[in-house]
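Taking it in order: structure first as structure tokens, then the write-up.
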């Protein structure tokens, strides 16, 4: 089946609907309609423009004109890891890295020296579950707290540790997150507001995403003690819902939150996350155009992405693609509009899982070729460093 083309605004090569953008609805539907009309008028003969309710899309003129920083060639920092799933940074610049299947937490210096922090107790690796996210307290120099998200025997949970040369004083701050062989979510990150955010999956039980009585298929926002953060929309830890399986979260300098989400068979998504909003799963995958749901900022076909980790650096969002075996760069304007996604390092390193912005401004990226769905090469899995200046 051929892919419908659409008219690029910047005069570059025509893109296909497989990388179709979904414009953020910041400026409202009236602006989107004006933009669509301008696109139709500007297309050359034989180029199809997206009609109302039709799949496909185009970036706005502003977004298409955004500067696109060319990343440098990555260098290998560490190799021989086992499914490194998440990366978080300590104040001095060392990285904490989780291994999904071994339940090990590792410490990696900027020079690549690796040392074990410990094995997280209670982890029950199976399918897509195991030791997943890690986050470092923004007050680490005072409280020495780190947080991990992992799959236990009957649930996913978030546990806080005191890290002082080892893992001490474990305390479960949030339990009861549904677990499954698939769709466990698992990303942890502190937002610019100082609260802890966690992404969860619907574990393949689709109705959980719409059920406000379940923690599955949500983005959660909580205090470091696991309580509902002030200002949450539902008087609990739920921040947004209607998600299938979010594995990436990031914020731009203006505090706007973005999340990457696995689709079913058609469209993976990047969403602009807003308080209390419903992102449509399982009713909608990709662009739905329905008032009760928030449409994605952009989408890809599932074979081009399967998006996991996400970070903001150098004026762009960076999204790790598992099935797509590439790093996606999404230029952002100061107002949060997205430019055309640019594939980087396609097929060079295999499946990519975690992306994290280091204190020195570089990007750390992990491969995931030993997760049972990749083709491991000598040295896998590894942490790559991408210089950003």
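Numbering (this note's numbering), first residue to last: 12 to 400.
No residue lacks a Cβ here, since even glycine has one placed at the ideal position from N, Cα and C.
Everything numeric in this text was worked out from a predicted model, so none of it was measured.
Asked: Cβ shell of residue 171 (< 6 Å), same chain only, five flanking positions each side left out; Found: 156, 158, 182, 184
Asked: Beta strand (DSSP E) segment containing residue 168, residue limits; Found: 167 to 174
Asked: Own chain partners of residue 299 with C-beta closer than 8 Å, once the 5 adjacent residues on each side are dropped; Found: 291, 306
Asked: Closest by C-alpha distance to residue 386, when choosing among 350, 122, 336, 212; Found: 336
Asked: Neighbour-count burial assignment, residue 127, 16 or more Cβ in a 10 Å radius; Found: exposed
Asked: Distance CB(residue 138)-CB(residue 192) smaller than 8 Å; Found: yes
Asked: Proximity below 8 Å, CB of residue 231 to CB of residue 211; Found: yes
Asked: C-beta contact flag for residue 393 and residue 89 at 8 Å; Found: yes
Asked: 8 Å Cβ cutoff met for residue 342 and residue 279; Found: no
Asked: Buried versus exposed call for residue 332 [16 or more other C-beta atoms within 10 Å across all chains shown]; Found: buried
Asked: Contact between the segment 132 to 152 and the segment 194 to 204 (3+ Cβ pairs under 8 Å); Found: yes
Asked: Simplified DSSP assignment, three categories, for residue 73; Found: Because the pLDDT of residue 73 is 48, which lies under 50, any placement of that residue in the model is unreliable, and the question is left without a value.
Asked: Among 324, 340, 380, nearest to residue 371 - alpha-carbon criterion; Found: 324
Asked: Residue nearest to residue 97 in terms of C-alpha spacing, selected from 262, 117, 400, 350; Found: 117
Asked: From 167, 327, 339, 382, residue whose alpha carbon lies closest to that of residue 346; Found: 327
Asked: Distance between residue 288 and residue 246 (C-alpha atoms, nearest Å); Found: 14 Å
Asked: With 16 other Cβ atoms within 10 Å as the buried cut-off, status of residue 384; Found: exposed
Asked: Under the three-state DSSP convention, the category residue 100 falls into; Found: strand
Asked: Residue 265 versus 399, 114, 344, residue with shortest Cα-Cα distance; Found: 344
Asked: Closest by C-alpha distance to residue 308, when choosing among 334, 352, 320, 395; Found: 352
Asked: Assigned secondary structure, residue 342 (DSSP; H/G/I helix, E/B strand, else coil); Found: strand
Asked: 3 or more residues per run - each beta strand (DSSP E) lying fully within the segment 233 to 278; Found: 249 to 252, 257 to 262, 268 to 272
Asked: Range of the contiguous beta strand (DSSP E) that encloses residue 364; Found: 363 to 368
Asked: Residue 82 versus residue 373 - alpha carbon distance; Found: 10 Å
Asked: Whether residue 269 touches residue 223 by CB criterion (8 Å); Found: no
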